[in-house]
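Numbering (our numbering), first residue to last: 128 to 175.
For reference, the structure discussed in these notes is given below.
Below, the structure is given as structure tokens:
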């Protein structure tokens, strides 16, 4: 299983780091992406 963590801004990184620590504990692979749905909707759509 791979999890995608999608942040709307780099300022959300502290919350994402808490999530990644838990995922690491359970050896779940993940990708962490930062993309604004308002500024780059096509890019966000390509991620999801």
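Virtual Cβ for every residue (Gly too), placed ideally from N, Cα, C.
Computed from a prediction, not measured in an experiment: that's the story for all the values here.
**Q.** Per-residue DSSP class, three states only, for residue 142
**A.** Sequence index remark: in the chain shown, residue 142 carries index 15 (1-based). In the three-state scheme derived from DSSP, where H, G and I count as helix and E and B as strand, residue 142 is classed as helix.
Q. When DSSP labels each residue in this structure, what does residue 155 get in the three-state scheme?
A. Position 28 of the chain shown holds residue 155. DSSP places residue 155 outside both helix and strand once states are collapsed to three, so it counts as coil.
Q) Who are the Cβ neighbours of residue 141 in its own chain at under 6 Å, not counting the five residues just before and after it? A) Here residue 141 refers to the residue found at position 14 of the chain shown. Leaving aside the five residues that flank residue 141 on each side, none in its chain has a CB nearer than 6 Å to its CB.
(Q) Cutting at 6 Å between CB atoms, please list the residues of its own chain near residue 158, excluding the five before and the five after it. (A) Numbered from 1 along the chain shown, position 31 holds the residue referred to as residue 158. Contacts found: 131.
Q: Would you kindly work out how many angstroms separate the C-alpha atoms of residue 151 and residue 144, rounded to a whole number?
A: Here the question's residue 151 lines up with position 24 in the chain shown. Here the question's residue 144 lines up with position 17 in the chain shown. Using only the alpha carbons, I get a separation of about 10 Å.
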